[in-house]
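Asker: Okay, handing you the structure first.
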Amino acid sequence: MTLMAKSNGIEIAYDSFGTPGDRPLLLIMGLGSQLVHWDEEFCELLAARGHHVVRYDNRDVGLSTHLTEAGVPELVPGAAAPYLLSDMADDAAGLMDALGWPAAHVLGVSMGGMIAQALAIGHPDRVLSLTSIMSTPGPDVGPPTPEAMAALFSPPAPDRQTAVERALEVWAVIGSPGYEMDRERIAKVAGLAYDRAYDPAGTARQLAAILASGDRTEGLGGLTMPALVIHGEADPLVQIAGGRATAAAIPGATLLTYPGMGHDLPRPLWEEIMDAVTAVQGRPSAAAAG
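Take the sequence shown: its position 101, counting from 1, is numbered 101 in the UniProt record's numbering, and each next residue is one higher.
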């Protein structure tokens with residue numbers, strides 16, 4: 001069941017898995033992606049490991065507030081953006097307030113990893129551990145290949161069927177070449193996301209936030225919570241240099257890379273990824289270790 005919470009002056013849509021009182025784990029999704037892009041079985045498996053899992057729609061996607069009045073921004077370096085990744089991190093902190101979570105373990109993928117990094121920098125007392133997957137400390141580190149860039153900027157779909165077909169085309173480019181593509185699941189989720197809220201202008205505003213937010217390397221250098229960085233060695237959308245730079249910037253961070261993994265979470269890697277996410281939560285902070 002989708003619930004709504006007031007956060008940072010907007011409304012955030014979220015749902016949860018597991019038992020309140022278990023280890024809080026906040027999942028943050030990527031560019032233009034909704035909470036439904038977190039596989040329910042993935043969330044249930046995390047809950048079975050003792051987590052109270054919350055996934056949510058970022059601003060401008062899904063059922064959360066869309067800043068329609070901000071219009072469509074220019075997507076060029078140096079252009080003004082309606083908001084920054086730090087504002088989206090403040091959304092996450094406000095959601096945690098609404099949930100009654102003083103702090104949580106935080107896991108973000110792609111742009112969600114950038115938001116998780118910004119949350120850890122801006123609200124370090126709220127982040128018990130940080131897991132950044134297929135992400136980067138800045139838009140110029142590990143940039144997309146030309147093919148991935150073309151997929152990212154494919155034109156808006158005029159209808160539901162085209163949106164589903166476009167999703168299949170995009171994931172064929174940016175997904176994991178070492179693993180079988182789950183076309184049925186991709187099509188199903190793409191259709192569900194279209195039905196919940198299809199807003200290409202909202203995705204453009206999120207992309208503008210990425211471009212305008214600059215590089216987080218210096219801020220990451222001041223983090224002390226346990227940190228895990230995971231990246232696919234075949235990721236064409238955020239190339240592996242982004243993951244390596246993230247791990248290098250965070251004191252004591254663990255870096256895991258996987259051959260054949262692109263810009264998604266292949267099901268055969270779920271158990272290993274969850275083992276790593278759970279293990280990092282039990283590590284001492286960099287301050288304590290140092």
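Just so you know, even glycine gets a beta-carbon here, dropped at the ideal spot from N, CA and C.
Looking only at C-alpha atoms, which of A93, A249, E233 and P139 sits nearest to Y56?
Answerer: The sequence position of residue 56 within the sequence shown is 56, counting from 1. With distances taken between Cα atoms, Y56 lies closest to A93.
Asker: Compute the Euclidean distance between the alpha carbons of R166 and P284, then round it to the nearest angstrom.
Answerer: Here the question's residue 166 lines up with position 166 in the sequence shown. Here the question's residue 284 lines up with position 284 in the sequence shown. So the alpha carbons of these two residues sit roughly 44 Å apart.
Asker: Taking contact to mean 3 or more Cβ pairs, one atom from each stretch, closer than 8 Å, check whether the region 75 to 90 and the region 211 to 221 are in contact.
Answerer: yes
Asker: Mind checking which residues open and close the alpha helix (DSSP H) that includes G232?
Answerer: By 1-based counting over the sequence shown, the position of residue 232 is 232. No alpha helix (DSSP H) contains G232, which is instead part of the beta strand (DSSP E) from A227 to G232.
Asker: Using a 10 Å radius around the Cβ and a threshold of 16 neighbouring Cβ atoms, would you call M111 buried or exposed?
Answerer: Looking up residue 111 in the sequence shown gives position 111. By the 10 Å Cβ count, M111 comes out buried.
Asker: Terminal residues of the continuous beta strand (DSSP E) containing D182?
Answerer: Taking the first residue of the sequence shown as 1, we reach residue 182 at position 182. Where D182 is concerned, there is no enclosing beta strand (DSSP E), given that its DSSP letter is neither H nor E.
Asker: Please report the residue range of the beta strand (DSSP E) in which E41 lies.
Answerer: Within the sequence shown, residue 41 is the residue found at index 41, counting from 1. Not the beta strand (DSSP E): E41 falls in the alpha helix (DSSP H), residues E40 to A48.
Asker: List the DSSP bridge partners of I10.
Answerer: In the sequence shown, residue 10 corresponds to position 10, counting from 1. DSSP, once it has assigned bridges, lists S7 as partnering I10.
Asker: With L25 as the anchor, note down where its beta strand (DSSP E) starts and where it stops.
Answerer: Along the sequence shown, one-based indexing puts residue 25 at 25. First-last of the beta strand (DSSP E) with L25: R23 to I28.
Asker: Helix, strand or coil, according to DSSP, for D125 in the structure here?
Answerer: Position 125 of the sequence shown, counted from the start, is the residue given in the question as residue 125. Three-state result, D125: helix.
Asker: Contact defined as beta carbons within less than 8 Å: I believe Q34 pairs with V61. What is the distance between those atoms, to the nearest angstrom?
Answerer: Translated into the one-based positions of the sequence shown, residue 34 becomes position 34. Translated into the one-based positions of the sequence shown, residue 61 becomes position 61. That pair is a contact at about 5 Å.
Asker: Return the bridge partner residues of A104 from the DSSP annotation.
Answerer: Taking the first residue of the sequence shown as position 1, residue 104 is located at position 104. Answer is V127.
Asker: Counting C-beta neighbours from all protein chains within 10 Å, is the total for T162 16 or more, i.e. buried, or is it exposed?
Answerer: Working through the sequence shown from its first residue, we reach residue 162 at position 162. Result: exposed.
Asker: For R183, collect the residues of the same chain with a Cβ closer than 8 Å to its Cβ; drop the 5 residues on either side in sequence, then sort them by chain order.
Answerer: As a first step, residue 183 must be located in the sequence shown, where it is residue number 183. Hits under 8 Å: L168.
Asker: Could you give the DSSP three-state label for H37: helix, strand or coil?
Answerer: Taking the sequence shown and counting its residues from 1, one reaches residue 37 at position 37. In the structure shown, H37 sits in a helix (DSSP, three-state: H, G or I).
Asker: Could you tell me the boundaries of the beta strand (DSSP E) in which L255 lies?
Answerer: For this step, residue 255 is matched to residue 255 along the sequence shown. Segment T254 to Y258, the beta strand (DSSP E) holding L255.
Asker: Using 8 Å for Cβ pairs, my map puts L269 next to I174. What's the rounded Cβ distance?
Answerer: Residue 269 sits at position 269 when you count from the first residue of the sequence shown. Residue 174 sits at position 174 when you count from the first residue of the sequence shown. Incorrect: roughly 16 Å between the Cβ atoms, too far for contact.
Asker: Can you tell me the Cβ-Cβ gap for H245 and P137, rounded? I've got them flagged as a contact below 8 Å.
Answerer: Stepping through the sequence shown from its first residue, residue 245 is reached at position 245. Stepping through the sequence shown from its first residue, residue 137 is reached at position 137. Note that residue 245 corresponds to Ala in the displayed sequence, not to His. Sure, about 5 Å apart at Cβ, within 8 Å.
Asker: Where does Y56 sit, in a helix, a strand or coil, going by DSSP?
Answerer: Locating residue 56 in the sequence shown gives position 56, where the first residue counts as 1. Reduced to three states, the DSSP call for Y56 is strand.
Asker: What residue does the alpha helix (DSSP H) around A89 start on, and which one ends it?
Answerer: Here the question's residue 89 lines up with position 89 in the sequence shown. Taken as a continuous stretch (DSSP letters only), the alpha helix (DSSP H) holding A89 covers L85 to L99.
Asker: Rounding to the nearest angstrom, what Cα-Cα distance links L152 and G243 in this structure?
Answerer: Within the sequence shown, the letter at position 152 stands for residue 152. Within the sequence shown, the letter at position 243 stands for residue 243. Using only the alpha carbons, I get a separation of about 19 Å.
Asker: Count the other CB atoms within 10 Å of the CB of S7; is the residue buried (16 or more) or exposed (fewer)?
Answerer: As a working mapping, residue 7 is identified with position 7 in the sequence shown. Under this definition S7 is a buried residue.
Asker: Does the distance from the CB of V106 to the CB of A116 come in under 7 Å?
Answerer: Stepping through the sequence shown from its first residue, residue 106 is reached at position 106. Stepping through the sequence shown from its first residue, residue 116 is reached at position 116. Yes, Cβ-Cβ distance for V106 and A116 is below 7 Å.
Asker: Going along the chain, which residues of its own chain have a beta-carbon closer than 7 Å to the beta-carbon of V53, five neighbours each way excluded?
Answerer: Locating residue 53 in the sequence shown gives position 53, where the first residue counts as 1. Cβ neighbours of V53 beyond the five flanking positions: S16, F17, G18, L25, L27, C43, L46 and A47.
Asker: Is V164 helix, strand or coil when you go by DSSP?
Answerer: Residue mapping note: residue 164 aligns to position 164 of the sequence shown, counting from 1. Three-state result, V164: helix.
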